[in-house]
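Engineer:
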Amino acid sequence: MGANERTLAKNTVMLYVMQISGYVFPLLTFPYLTRVLGAEKYGMVVFANSIMSYFTIFIEFGFLISGTNSCSLAADDKDKLGRITFGIIQAKCILSILAAAVLFAGCVFVQKMRQEFLFFALSFGGIFLTVFLPDFLFRGIEKMSVITYRVLASKAVYTMAVFAFVRKETDYFLVPVATIGANLVAIILTWIEIFRKRMIVFSAVPAKDMFLRLRESSLFFLSRIATTFYTSLNTVLLGFQFPGAAVGQYGAANAIANTCRSLMSPISDSIYPYMVKQKNFVLVKKLLLILEPLVIVCCTLLWLLAPQAVRIVCGAGYEDAVPMLRAMLPIVAITLPAYLCGYPVLGALGKIKWANLSVVISASFHVVGLIVLVIARQIGFIQVIALTCCTQFLELGIRAIVILSGGKNEKA
Numbered sequence: 010m011g012a013n014e015r016t017l018a019k020n021t022v023m024l025y026v027m028q029i030s031g032y033v034f035p036l037l038t039f040p041y042l043t044r045v046l047g048a049e050k051y052g053m054v055v056f057a058n059s060i061m062s063y064f065t066i067f068i069e070f071g072f073l074i075s076g077t078n079s080c081s082l083a084a085d086d087k088d089k090l091g092r093i094t095f096g097i098i099q100a101k102c103i104l105s106i107l108a109a110a111v112l113f114a115g116c117v118f119v120q121k122m123r124q125e126f127l128f129f130a131l132s133f134g135g136i137f138l139t140v141f142l143p144d145f146l147f148r149g150i151e152k153m154s155v156i157t158y159r160v161l162a163s164k165a166v167y168t169m170a171v172f173a174f175v176r177k178e179t180d181y182f183l184v185p186v187a188t189i190g191a192n193l194v195a196i197i198l199t200w201i202e203i204f205r206k207r208m209i210v211f212s213a214v215p216a217k218d219m220f221l222r223l224r225e226s227s228l229f230f231l232s233r234i235a236t237t238f239y240t241s242l243n244t245v246l247l248g249f250q251f252p253g254a255a256v257g258q259y260g261a262a263n264a265i266a267n268t269c270r271s272l273m274s275p276i277s278d279s280i281y282p283y284m285v286k287q288k289n290f291v292l293v294k295k296l297l298l299i300l301e302p303l304v305i306v307c308c309t310l311l312w313l314l315a316p317q318a319v320r321i322v323c324g325a326g327y328e329d330a331v332p333m334l335r336a337m338l339p340i341v342a343i344t345l346p347a348y349l350c351g352y353p354v355l356g357a358l359g360k361i362k363w364a365n366l367s368v369v370i371s372a373s374f375h376v377v378g379l380i381v382l383v384i385a386r387q388i389g390f391i392q393v394i395a396l397t398c399c400t401q402f403l404e405l406g407i408r409a410i411v412i413l414s415g416g417k418n419e420k421a
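The sequence shown begins at 10 in our numbering and counts up one residue at a time.
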């Protein structure tokens with residue numbers, strides 16, 4: 010195994026440690042919150058988090074992808090890494106101000122948000138702090154261990170805070186407070202490591218560098234906002250249509266499905282910078298042939314054991330989440346090929362715009378579908394999930410067609 014392959018293997022292991030922690034810690038807090046808060050207040054947490062996801066993607070602006078790419082190409086130039094890092098942070102600060110203004114307007118004019126102004130403000134505070142977490146830097150220079158250790162520490166802080174302070178339904182507003190505390194710990198640990206190892210050169214960044222980073226990331230932003238737009242729009246739309254308790258059922262099923270999907274993202278995340286440099290398409294084929302059958306088997310078992318899984322994870326009172334979870338499993342089944350066919354393969358083929366356009370096209374299809382459901386008065390949880398499945402299959406289909414048509418001339 011060469012040096013590049015060893016680095017890839019190490020980063021993949023680190024990402025899996027981080028991803029497993031993202032499974033283990035929520036496995037502790039998620040059942041606790043569903044039980045302590047009840048379906049109604051847990052539904053409010055789900056509803057608010059869905060709205061916050063729009064602000065998260067707006068502030069992120071696709072920098073995790075574009076910044077990773079830029080840092081990967083400048084991995085040996087600390088001065089350039091510094092300009093990239095601070096240019097992106099500066100851009101995120103400007104975007105945060107705009108996002109805060111939009112949130113304030115929403116809390117003024119939307120009654121459901123106005124009634125929970127404090128909760129929304131605290132939730133936004135946790136998002137704002139992520140501006141100062143340069144994960145794109147560590148991904149680009151392939152130092153995933155830094156992110157992994159930081160994530161473990163911050164998740165531990167969040168988990169302990171939830172168990173210590175969230176004791177009854179009325180404590181639901183303390184959930185974002187725990188996130189704020191966890192993110193503060195993450196920021197401190199991250200920048201201590203950057204200073205200690207002198208990973209970048211600190212220098213003033215002119216405004217033109219900030220606008221350069223925004224321009225570079227604009228297409229990635231369109232892709233990311235498109236994905237979040239339709240996935241979060243599901244919860245937001247359902248949140249306005251149905252009582253909080255029903256939304257809590259949907260949120261519980263969605264959390265389990267997303268946890269399963271998240272277990273596959275480390276492969277895509279770690280292989281992306283590697284594929285940009287090495288273009289090892291044979292490795293991608295091997296991963297799909299080995300892992301996808303295993304994913305399908307696991308999805309089948311989860312479908313069969315869905316009632317038991319929901320009861321164990323969420324507790325009593327979430328029986329309506331079972332059919333929703335089963336309906337979401339096709340999305341889980343195609344997650345791995347969808348991820349790998351995205352930025353890793355299309356980026357290596359020089360067709361990264363199609364990774365973004367496939368999401369934009371699919372999101373447009375999804376929004377049209379939601380409009381049809383609303384007009385036809387057929388909006389419901391299963392209907393929305395079925396539409397989401399069709400959207401995900403369309404996205405994968407577009408990527409597969411582009412790869413098969415454009416990758417024939419590439420060396421495997």
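For every residue, glycine included, the Cβ atom is placed at its ideal position computed from N, Cα and C.
For the structure I just gave you, are there three or more beta carbon pairs, one from the region 362 to 382 and one from the region 395 to 405, closer than 8 Å?
Structural biologist: yes
Engineer: Between which residues of its own chain and S163 is the CB-CB distance below 6 Å, once the five residues before and five after are set aside?
Structural biologist: To locate residue 163, count along the sequence shown from 1; it is residue 154. Residues of the same chain with a CB within less than 6 Å of the CB of S163, apart from the 5 flanking positions on each side, are A191, V194 and A195 in chain order.
Engineer: List the endpoints of the continuous alpha helix (DSSP H) containing Y348.
Structural biologist: Position 339 of the sequence shown holds residue 348. Counting along the chain, the alpha helix (DSSP H) containing Y348 begins and ends at T344 to L349.
Engineer: Please state whether DSSP places E125 in a helix, a strand or coil.
Structural biologist: Stepping through the sequence shown from its first residue, residue 125 is reached at position 116. In this structure, E125 counts as coil in the three-state DSSP scheme.
Engineer: Select from A187, L161, E151 and K177 the residue whose C-alpha is nearest the C-alpha of L131.
Structural biologist: Taking the sequence shown and counting its residues from 1, one reaches residue 131 at position 122. Looking at the Cα atoms, A187 is the closest of the given residues.
Engineer: Could you check how far apart the C-beta atoms of A60 and V245 are, in whole angstroms? I think they sit under 8 Å.
Structural biologist: Here residue 60 corresponds to residue number 51 of the sequence shown, with the count starting at 1. Here residue 245 corresponds to residue number 236 of the sequence shown, with the count starting at 1. Inspection of the sequence shows that residue 60 is occupied by Ile rather than by Ala. Sure, about 6 Å apart at Cβ, within 8 Å.
Engineer: Any contact between the region 241 to 255 and the region 94 to 109? By contact I mean 3 or more CB pairs, one from each, below 8 Å.
Structural biologist: Because the criterion of three Cβ pairs below 8 Å is not met, the region 241 to 255 and the region 94 to 109 do not touch.
Engineer: CB-CB under 8 Å to I305, same chain, minus the five flanking residues each way: which ones, in chain order?
Structural biologist: Counting from one through the sequence shown, the residue named residue 305 turns up at place 296. Closer than 8 Å at the Cβ level, and outside the excluded window around I305, lie A342.
Engineer: Smallest Cα separation from I203: which of Y348, L142 and L82?
Structural biologist: Sequence index remark: in the sequence shown, residue 203 carries index 194 (1-based). With distances taken between Cα atoms, I203 lies closest to L142.
Engineer: Does DSSP classify I209 as helix, strand or coil?
Structural biologist: One-based indexing of the sequence shown puts residue 209 at position 200. Note: I209 maps to coil in three-state DSSP.
Engineer: Mapping DSSP to helix, strand and coil, what is P185?
Structural biologist: Taking the first residue of the sequence shown as position 1, residue 185 is located at position 176. P185: helix per DSSP, three-state reduction.
Engineer: Within 10 angstroms of its Cβ, does R205 collect 16 or more other Cβ (buried), or is it exposed?
Structural biologist: For this step, residue 205 is matched to residue 196 along the sequence shown. Answer is exposed; the Cβ neighbour count stays below 16.
Engineer: Tell me which residue opens and which closes the alpha helix (DSSP H) that E301 is part of.
Structural biologist: In the sequence shown, the residue the question calls residue 301 occupies position 292. Here the alpha helix (DSSP H) through E301 covers F290 to L313.
Engineer: Nearest CA to the CA of G135: which residue from Q124, F172 and N58?
Structural biologist: Looking up residue 135 in the sequence shown gives position 126. The residue with the shortest Cα to Cα distance from G135 is N58.
Engineer: Would you say T157 and L37 are within 8 Å of each other, going by their C-beta atoms?
Structural biologist: Position 148 of the sequence shown, counted from the start, is the residue given in the question as residue 157. Position 28 of the sequence shown, counted from the start, is the residue given in the question as residue 37. No.
Engineer: Nearest-angstrom Cα distance between A421 and F174?
Structural biologist: Your numbering for residue 421 matches position 412 in the sequence shown. Your numbering for residue 174 matches position 165 in the sequence shown. Only weak support is given to the placement of A421: the predicted model assigns it a pLDDT of 34, under 50, and the question is left unresolved by the model.
Engineer: Counting only the same chain and skipping the five closest in sequence on each side, list residues whose C-beta sits under 7 Å from that of V55.
Structural biologist: Taking the first residue of the sequence shown as position 1, residue 55 is located at position 46. For V55, where only same-chain residues beyond five positions count, the Cβ hits under 7 Å are T244, V256, G257 and G260.
Engineer: Is it the case that the Cβ atoms of C350 and L405 are separated by a distance below 8 Å?
Structural biologist: If you number the sequence shown from 1, residue 350 lands on position 341. If you number the sequence shown from 1, residue 405 lands on position 396. In contact: C350 and L405 (Cβ atoms closer than 8 Å).
Engineer: Do you know offhand how far A108's Cα is from F133's?
Structural biologist: On the sequence shown, residue 108 is found 99 positions in, with the first residue counted as 1. On the sequence shown, residue 133 is found 124 positions in, with the first residue counted as 1. One C-alpha to the other measures close to 9 Å.
Engineer: Under three-state DSSP, which class holds Q317?
Structural biologist: For this step, residue 317 is matched to residue 308 along the sequence shown. Looking at Q317 - three-state DSSP - the assignment turns out to be helix.
Engineer: Out of curiosity, what's the CA-to-CA distance linking S212 and G91?
Structural biologist: Position 203 of the sequence shown, counting from 1, holds the residue named residue 212. Position 82 of the sequence shown, counting from 1, holds the residue named residue 91. Each residue's alpha carbon lies about 7 Å from the other.
Engineer: Suppose the cutoff is 8 Å on Cβ atoms and the five residues either side in sequence are ignored; what does the same chain contact list for I2 look like?
Structural biologist: The chain is shown from 10 up to 421; residue 2 falls before or after that span and cannot be answered.
Engineer: Residues in its own chain within less than 6 Å of A330 by CB, not counting five upstream and five downstream?
Structural biologist: Within the sequence shown, numbered from 1, the residue matching residue 330 stands at position 321. Answer for A330: Q258, A261, A262 and V319, listed in chain order.
Engineer: Can you list, in chain order, the residues of its chain with a C-beta nearer than 7 Å to that of T344? Leave out the 5 residues immediately preceding and following it.
Structural biologist: Translated into positions along the sequence shown, residue 344 becomes position 335. If we look at T344 and ignore the five residues flanking it on each side, its Cβ neighbours are R270 and M273.
Engineer: Closest by CA to F182, which one among M53, F34 and M337?
Structural biologist: Residue 182 sits at position 173 when you count from the first residue of the sequence shown. The candidate whose alpha carbon is nearest that of F182 is M53.
Engineer: Take I147 and list the residues in its own chain whose beta-carbon comes closer than 7 Å to its own, dropping the five residues that flank it on each side.
Structural biologist: Locating residue 147 in the sequence shown gives position 138, counting from the first residue. Per the sequence presented here, residue 147 reads as Phe, with Ile not at that position. M153, V155 and I156.
Engineer: Going by C-alpha to C-alpha distance, which of V111, I407 and P332 sits closest to F374?
Structural biologist: Numbered from its first residue, the sequence shown carries residue 374 at position 365. Ranking the options by Cα distance to F374, first place goes to I407.
Engineer: Residues in the same chain with beta-carbon distance under 7 Å from E49, minus the five sequence neighbours each way, listed in chain order, please.
Structural biologist: Locating residue 49 in the sequence shown gives position 40, counting from the first residue. These residues qualify, in order along the chain: G253, A254 and G257.
Engineer: Where Y63 and S241 are concerned, what is the direct C-alpha to C-alpha distance, given to the nearest angstrom?
Structural biologist: For the purposes of this step, residue 63 is taken as the residue at position 54 of the sequence shown. For the purposes of this step, residue 241 is taken as the residue at position 232 of the sequence shown. Going from the Cα of Y63 to the Cα of S241 covers about 8 Å.
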